[in-house]
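S.K.: Pasting a structure below so you can have a look.
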Amino acid sequence: MGIEFRGVGKTYPDGTVAVADFSCTVPSHRTLALVGSSGSGKTTLMRMVNRMVDATTGSVLIDGRDVRDLDKVALRRSIGYVPQAGGLLPHRRVVDNVATVPILNGTSKTAARAAAMDLLTVVGLDHSLAKRYPGQLSGGQQQRVAVARALASEPNILLMDEPFGAVDPIVRRDLQDQLLQLQAELGKTIVLVTHDIDEAFRVGDEIVILKTGGIIAQVGTPQEIVAAPADDFVRDFVGTDRAERNLKTVDIDGKQVVVDGDDRPVGVLR
Amino acid sequence: MTWLDLNRDLVLDLLGRHVRLAVPAVLISVVVAIALGRLAWRWPRVGTVVLGISGLLYSIPALPLLIVIPVLLSVPLRSETNLIVALAVYGTALLAGTAADAFRSVDERVREAAEAMGYSRTGLFWRVDLPLALPVLVSGIRVVTVSTVSLVTIGALVGISSLGSLLTDGFQRNIREEVATGVIGTMMLAIVLDLAIVAIGAALTPWQQRRTKKQKVVTA
Ligand SMILES: Nc1ncnc2c1ncn2[C@@H]1O[C@H](COP(=O)(O)OP(=O)(O)OP(=O)(O)O)[C@@H](O)[C@H]1O
Ligand SMILES: [Mg+2]
Chain V
1 MGIEFRGVGK TYPDGTVAVA DFSCTVPSHR TLALVGSSGS GKTTLMRMVN
51 RMVDATTGSV LIDGRDVRDL DKVALRRSIG YVPQAGGLLP HRRVVDNVAT
101 VPILNGTSKT AARAAAMDLL TVVGLDHSLA KRYPGQLSGG QQQRVAVARA
151 LASEPNILLM DEPFGAVDPI VRRDLQDQLL QLQAELGKTI VLVTHDIDEA
201 FRVGDEIVIL KTGGIIAQVG TPQEIVAAPA DDFVRDFVGT DRAERNLKTV
251 DIDGKQVVVD GDDRPVGVLR
Chain U
271 MTWLDLNRDL VLDLLGRHVR LAVPAVLISV VVAIALGRLA WRWPRVGTVV
321 LGISGLLYSI PALPLLIVIP VLLSVPLRSE TNLIVALAVY GTALLAGTAA
371 DAFRSVDERV REAAEAMGYS RTGLFWRVDL PLALPVLVSG IRVVTVSTVS
421 LVTIGALVGI SSLGSLLTDG FQRNIREEVA TGVIGTMMLA IVLDLAIVAI
471 GAALTPWQQR RTKKQKVVTA
């Protein structure tokens, strides 16, 4: 079942058509990566799921139910949300940030905090950080807290809006690995917004590449998109012609070494 | 020294009255200003008008205001209520703009994330917006407190007792020590209340202290 976008459109009050007509299904337990250039409507689409934005046309369905028939606040509490950098509550300690939604849902503070401590371990954070305020953490640590917070209410759905966009590439890779590992265990239905195609390829089961106006340039698995870019826009976006995407093998002492377009080694073919 | 020694009970009594006039006036100002500030933040157009009017109120001279309020509210001219309302009008006028700024100072990313997590409207106000507006709000409340404490003395001109009575009486009877006691007493009260607000503000915003401490360590 999962999430279904059924012919959704969004025109903002000022007349901006952020999304014209978008249809797509995210099967349960799968990760959909929405990629596209700035202003292509990724955030708008993702926000339709938890009704931070209401579609002006069409509808979004979760397990077959139109989100518009659900109570906004209850809906949001049932969906894990990982904001962009800077979305933690700066006035709450790390442990209380993580415990926020369970407490809103009526779980006792002690129980919610105990569960929050376990979640910190799950996302690889030391318990010594629990008593800190978000401002006392590094950007990478903050986003780990944000992931833990989103998982706290044990939601089936996770929405992530450029969750790792503001951290440096090495930390970003760490966080992506962590997410993949968590996803292998938890099997959430994830909508991840990113403008980083490599992140989309690493994390997404299915990729939607968007043009301005929420127009789908191509939908497919990472492999399908790399193998057969639909048009020049996708080719350009994916960087099909970039050196690091054009690999070939060279024979070195009997080993098949894979090199990129600049002849730099990438690995060995087995 | 001798004057103060002889009149200790009088001065303490007037100090008590001064506090009982200033503190309620400040509290009312804070509540009304937060309401107006919130309104102005939520509906900027209405806000411009409301803040404009409240700014105008501040320019009403004190004595006429003290004569108009009893007529409007049918309270006695010399009642403490009269002065408290007048002071609350000035306090609100002084604070409403700052309150609007305080709500504007809240990081939009934080608000949106909180909303997306499932805070209700009221929850968002009490548990996110208000606490995060506190640092700016507290700076405004300090200004209002100091200004209110000094304005209380004006009540003495229409016969509402406070440390200001020492000024009117001291001038009339030409007792310099009495005037000095009035002036210094008022200033000290303002300083003490200001320090109290700083302390309360710090206690209510522990995340702020931590951050400044950390920044200090980093720059050191
Ligand atoms: N509240 C709003 N009012 C008016 N226009 C908006 C609003 N929010 C977004 N837009 C416009 O809608 C379009 C899509 O915005 P959206 O935020 O969905 O893009 P995005 O793909 O997430 O971009 P980015 O990568 O920069 O985050 C843009 O043209 C944007 O300017
Ligand atoms: Mg966006």
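Protein chains in written order, with our numbering: chain V, 1 to 270; chain U, 271 to 490.
Where a beta carbon is used, it is the ideal one built from N, C-alpha and C, also for glycine.
Hey, Ala303 of chain U and Ala403 of chain U are a contact pair by Cβ (cut 8 angstroms); roughly how many whole angstroms apart?
M.R.: Contact flag wrong, Cβ pair sits at about 11 angstroms.
S.K.: Please confirm whether Gly388 of chain U has its beta-carbon closer than 7 angstroms to some beta-carbon of chain V.
M.R.: Answer yes: the Cβ-Cβ gap between Gly388 of chain U and chain V drops below 7 angstroms somewhere.
S.K.: Below 7 angstroms CB to CB, which residues in the same chain sit around Ser432 of chain U once its five sequence neighbours on both sides are set aside?
M.R.: If we look at Ser432 of chain U and ignore the five residues flanking it on each side, its Cβ neighbours are Leu284, Arg287, His288, Leu291, Val422, Thr423, Gly425 and Ala426.
S.K.: Taking any Cβ of chain V, which residues in the region 393-412 of chain U have a Cβ under 8 angstroms from it, in chain order?
M.R.: So the list reads Gly393, Val398, Pro401 and Leu402, given in the order they occur along the chain.
S.K.: Pick out whichever of U:Leu282, U:Ala295 and U:Gly429 has its Cα sitting closest to the Cα of Leu347 of chain U.
M.R.: That would be U:Gly429, whose Cα lies nearest to the Cα of Leu347 of chain U.
S.K.: Which residue spans inside the region 45-76 of chain V form an unbroken beta strand (DSSP E) run of at least 3?
M.R.: Entirely contained in the region 45-76 of chain V, the beta strand (DSSP E) runs reaching 3 residues are, in chain order, 57-62.
S.K.: Between the Cα of Gly7 of chain V and those of V:Arg68, V:Ser59 and V:Thr110, spot the shortest distance and give me the residue it belongs to.
M.R.: Checking every option, the nearest Cα to that of Gly7 of chain V belongs to V:Ser59.
S.K.: Suppose contacts are defined by Cβ-Cβ distances below 7 angstroms. Is Gly361 of chain U in contact with Val320 of chain U by that definition?
M.R.: Contact: no.
S.K.: Quick check: the Cα distance between Trp273 of chain U and Leu436 of chain U, rounded to an integer number of angstroms?
M.R.: Computed Cα separation, rounded: 12 angstroms.
S.K.: Buried or exposed, going by whether 16 or more other CB atoms sit within 10 Å of the CB of Val238 of chain V?
M.R.: So Val238 of chain V counts as buried.
S.K.: Look at Gly80 of chain V and Leu158 of chain V and say whether their C-beta atoms are less than 7 angstroms apart.
M.R.: Yes.
S.K.: Would you identify the three-state DSSP class for Asp232 of chain V, choosing helix, strand or coil?
M.R.: Asp232 of chain V falls in the helix class under three-state DSSP.
S.K.: Cβ of Leu285 of chain U less than 7 angstroms from any chain V Cβ?
M.R.: No, its Cβ sits nowhere closer than 7 angstroms to a Cβ of chain V.
S.K.: Secondary structure at Tyr360 of chain U, three-state DSSP: helix, strand or coil?
M.R.: Three-state result, Tyr360 of chain U: helix.
S.K.: Name the two residues that bound the continuous alpha helix (DSSP H) containing Pro294 of chain U.
M.R.: Run containing Pro294 of chain U: Arg278 to Arg312, per the alpha helix (DSSP H) assignment.
S.K.: Can you tell me where the alpha helix (DSSP H) holding Lys131 of chain V begins and where it ends?
M.R.: Careful: Lys131 of chain V lies outside any alpha helix (DSSP H) and carries neither H nor E.
S.K.: Comparing C-alpha positions only, which one of V:Lys211, V:Leu119, V:Val266 and V:Ile209 sits nearest to Thr249 of chain V?
M.R.: Taking only the C-alpha atoms, the option nearest Thr249 of chain V is V:Val266.
S.K.: Would Gly418 of chain U and Ala305 of chain U qualify as a contact pair, given that the criterion is a beta-carbon distance under 7 angstroms?
M.R.: Going by the sequence as given, residue 418 of chain U is Thr instead of Gly. No, the pair does not count as a contact, with Cβ atoms beyond the cut-off.
S.K.: With a 10 Å radius around its C-beta and 16 neighbouring C-beta atoms as the bar for buried, classify Pro155 of chain V as buried or exposed.
M.R.: Buried, by the Cβ-count rule.
S.K.: Run through chain V and tell me which residues come within less than 8 angstroms of Val257 of chain U, C-beta to C-beta.
M.R.: Not covered by the structure: residue 257 of chain U. The range shown for chain U is 271 to 490.
S.K.: Count the other CB atoms within 10 Å of the CB of Arg446 of chain U; is the residue buried (16 or more) or exposed (fewer)?
M.R.: With fewer than 16 other Cβ atoms within 10 Å, it is exposed.
S.K.: What are the start and end residues of each continuous alpha helix (DSSP H) run of 4 or more residues lying completely inside the region 417-446 of chain U, in chain order?
M.R.: The qualifying runs are 434-442.
S.K.: Let me know the secondary structure DSSP gives Lys484 of chain U once reduced to three states.
M.R.: Caution is warranted here: a pLDDT of 48 is assigned to Lys484 of chain U, below 50, making its placement in the model unreliable, and the coordinate value is therefore given only provisionally. Helix at Lys484 of chain U.
S.K.: Using the DSSP secondary-structure output, state which residues sit across from Tyr81 of chain V in a beta bridge.
M.R.: In DSSP, Tyr81 of chain V forms a bridge with V:Leu159.
S.K.: Rounded C-beta distance between Gly410 of chain U and Ala369 of chain U? I'm assuming under 8 angstroms.
M.R.: Right, the Cβ-Cβ distance comes to about 7 angstroms (below 8 angstroms), so this counts as a contact.
S.K.: Would you check whether ligand 2 has a heavy atom nearer than 6 angstroms to the C-beta of Lys42 of chain V?
M.R.: Indeed, a heavy atom of ligand 2 lies less than 6 angstroms from the Cβ.
S.K.: Specify the secondary structure class of Leu32 of chain V as computed by DSSP and reduced to three states.
M.R.: Strand at Leu32 of chain V.
S.K.: Looking at chain V, is there any beta carbon in it that lies within less than 7 angstroms of the beta carbon of Arg379 of chain U?
M.R.: Arg379 of chain U counts as touching chain V.
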